[in-house]
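A quick write-up on the structure given underneath.
Protein chains in written order, with the UniProt record's numbering: chain A, 1 to 254; chain B, 1 to 254.
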């Protein structure tokens with residue numbers, strides 16, 4: 001598709017404050033923030049804001065703004081939605097802004113946004129579209145940044161990074177780095193995505209609060225073409241909108 | 001061998017300041033610090049001190065103390081040895097203290113030493129002995145802490161963690177965590193240890209300074225029974241000595 005080039009395909013299994021991103025970043029928090037953000041766009045939301053805290057999210061609440069998030073896996077007091085992608089896909093959010101407050105995914109997105117040219121939210125759910133868009137936008141590097149969980153690498157995010165890396169490799173020549181080879185090894189070890197996702201600490205936490213049905217949702221590969229793409233900021237929050245190919249100006253019929 | 005228990009087998013692919021270690025830690029910096037430390041013990045060194053900087057290492061130099069370390073892969077000015085395990089194994093260090101100054105491995109060891117009960121230096125070279133000792137010492141958790149490289153996960157360390165985890169699992173029942181499953185997946189993807197070690201960024205750096213012959217040395221599995229074990233501190237440096245099973249007092253015939 002493209003000419004042979006030698007861009008880098010990098011996977012960072014944990015956000016590290018000292019890391020910088022020169023080009024494109026795919027942020028992955030597959031259980032559940034980046035899957036849920038995509039599901040809200042599928043449901044018709046016009047924008048996703050990622051807020052750094054529950055308090056900050058509450059401050060955004062308005063008649064055309066709904067707030068979604070989690071505290072110990074569950075919907076916080078005063079919120080409209082939790083962080084469930086099943087619920088997000090059914091949500092009445094057409095034309096609305098959804099403010100999401102999550103922990104690991106938000107931290108990773110904000111780290112990427114500090115230096116990157118393009119920040120996309122990626123999951124298994126939008127894996128084809130996110131991989132393709134990253135490949136098309138990149139001039140020197142595609143970085144996949146896994147959110148991890150509480151300072152530790154996460155099996156679900158590492159596996160998803162491996163799926164994304166495999167798709168990206170199909171489209172062009174990339175130099176692979178240590179993290180990429182680890183993610184690819186993880187992906188190849190588990191043919192069925194439901195297995196690594198179910199084994200992850202994130203899935204075990206969901207099971208404790210009765211939300212384990214979110215895991216098969218998150219394990220769907222490439223069921224959505226929607227890719228949340230960073231467009232700007234409002235205060236400390238990042239603004240993501242659905243990437244619209246081949247359009248020069250917005251005409252806004254979501 | 002042991003009764004069925006349910007200890008945790010944890011792999012941390014990167015040192016993180018917020019992580020704590022309640023029990024046993026195997027620190028892994030396979031290319032090259034933890035391999036080289038073991039090789040110095042094989043050569044008869046009575047102790048390994050890990051110093052936090054080149055300057056600190058230089059301050060230790062004395063008639064029965066040699067200093068070893070690296071700067072860009074090579075031996076720093078005024079040092080007796082570099083960080084090459086081949087050189088360490090041939091070194092004239094019988095009965096001497098070797099002060100080592102390296103970057104990633106030292107940082108990981110110092111993090112582990114802050115909270116852990118037992119800190120061991122592990123590599124492929126001493127993998128059997130290190131895995132067995134960790135299993136025997138642990139009452140609740142064996143953690144394998146990979147040094148990584150410059151804030152990123154390292155393929156060589158992750159692979160080594162997988163080899164160690166596989167050996168530890170042979171000896172008892174352990175609960176596995178996300179990092180452990182990722183390390184095991186990496187280990188199973190590469191049957192020949194030389195392949196992931198050669199692909200790692202650490203090996204590529206050695207090649208640039210003509211030290212690639214260290215890589216096959218580091219890829220030997222279980223060639224040494226020596227396990228450097230943390231025994232104390234002197235100033236900011238950690239003191240490691242060869243673990244001596246079944247001996248109540250030292251009688252020192254290395």
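We put the CB at the ideal spot given by N, CA and C, even for glycine. Treat the numbers as computed from the prediction; the structure is a model and nothing was measured.
Query: Coil, strand or helix - residue 253 of chain B by DSSP; Result: Residue confidence is low: residue 253 of chain B scores 44 on pLDDT, short of 50, so the model does not pin down where it sits. Its coordinate-derived value is still stated next. Looking at residue 253 of chain B - three-state DSSP - the assignment turns out to be coil, as it is neither helix nor strand.
Query: Proximity winner among A:36, A:158, A:161 and A:124, relative to residue 100 of chain A (alpha-carbon distances); Result: A:36
Query: Contact list for the segment 14-41 of chain B against chain A, Cβ threshold 7 Å; Result: 14, 16, 18 and 19
Query: Residue 69 of chain B - partner residues in DSSP beta bridges; Result: B:101
Query: Cβ neighbours of residue 58 of chain B in the same chain (closer than 7 Å, five flanking residues each side left out); Result: 67 and 78
Query: Outcome for residue 216 of chain A when other beta-carbon atoms lying within 10 angstroms are tallied against a minimum of 16; Result: exposed
Query: Cutoff 8 Å: residue 182 of chain B Cβ touching any chain A Cβ; Result: yes
Query: Residue 95 of chain B classed as buried or exposed, judged by whether at least 16 other C-beta atoms fall within 10 angstroms; Result: exposed
Query: Residue 201 of chain A versus residue 211 of chain A: straight-line alpha-carbon distance, rounded; Result: 13 Å
Query: Validate contact between the segment 144-152 of chain A and the segment 14-32 of chain A using beta carbons, cut 8 Å, 3 pairs; Result: yes
Query: Amino acids of chain B, ordered along the chain, whose beta-carbon sits closer than 7 Å to that of residue 152 of chain A; Result: 12, 178 and 179
Query: Interface partners of residue 116 of chain A on chain C, CB under 7 Å; Result: Although the question refers to chain C, the structure presented lacks it and instead comprises the protein chains A and B.
Query: Classification of residue 252 of chain A by the beta-carbon crowding that lies within 10 angstroms, buried from 16 upward; Result: For residue 252 of chain A, the predicted structure reports a pLDDT of 45, less than 50, and the residue's modelled location is therefore unreliable. A value from the coordinates is still provided. Exposed, since its Cβ has fewer than 16 Cβ neighbours within 10 Å.
Query: Contact under 8 Å by Cβ, residue 137 of chain B with residue 110 of chain B; Result: no
Query: Beta-carbon neighbours of residue 200 of chain A, restricted to chain B and to distances below 8 Å; Result: 178
Query: From A:222, A:156, A:150 and A:198, residue whose alpha carbon lies closest to that of residue 17 of chain B; Result: A:150
Query: Backbone CA spacing between residue 97 of chain B and residue 176 of chain B [nearest angstrom]; Result: 37 Å
Query: Every unbroken beta strand (DSSP E) within the segment 143-229 of chain A, with a cutoff of 3 residues, ordered by chain; Result: 174-176
Query: Contact check, residue 189 of chain B vs residue 30 of chain B, beta carbons under 8 Å; Result: no
Query: Contacts that residue 121 of chain A makes with chain B (C-beta to C-beta distance below 9 Å); Result: Under the 9 Å cutoff, chain B gives no residues; its nearest Cβ is about 21 Å from residue 121 of chain A.
Query: Nearest candidate by alpha-carbon position, reference residue 133 of chain B, set B:32, B:26, B:71 and B:8; Result: B:26
Query: Contacts that residue 188 of chain B makes with chain A (C-beta to C-beta distance below 7 Å); Result: 189
Query: Any C-beta of chain A under 8 Å from that of residue 170 of chain B; Result: no
Query: Within-8 Å CB hit, residue 185 of chain A to chain B; Result: yes
Query: Beta carbon proximity, residue 164 of chain A to chain B, threshold 8 Å; Result: no
Query: For residue 122 of chain B, three-class secondary structure by DSSP; Result: strand
Query: CA nearest to the CA of residue 11 of chain A, picked from A:63, A:214 and A:158; Result: A:158
Query: Buried versus exposed, by CB contacts within 10 Å (16 or more), residue 112 of chain A; Result: buried
Query: Neighbourhood of residue 6 of chain A by C-beta, 7 Å cutoff - its chain only, sequence neighbours within 5 removed; Result: 173 and 175
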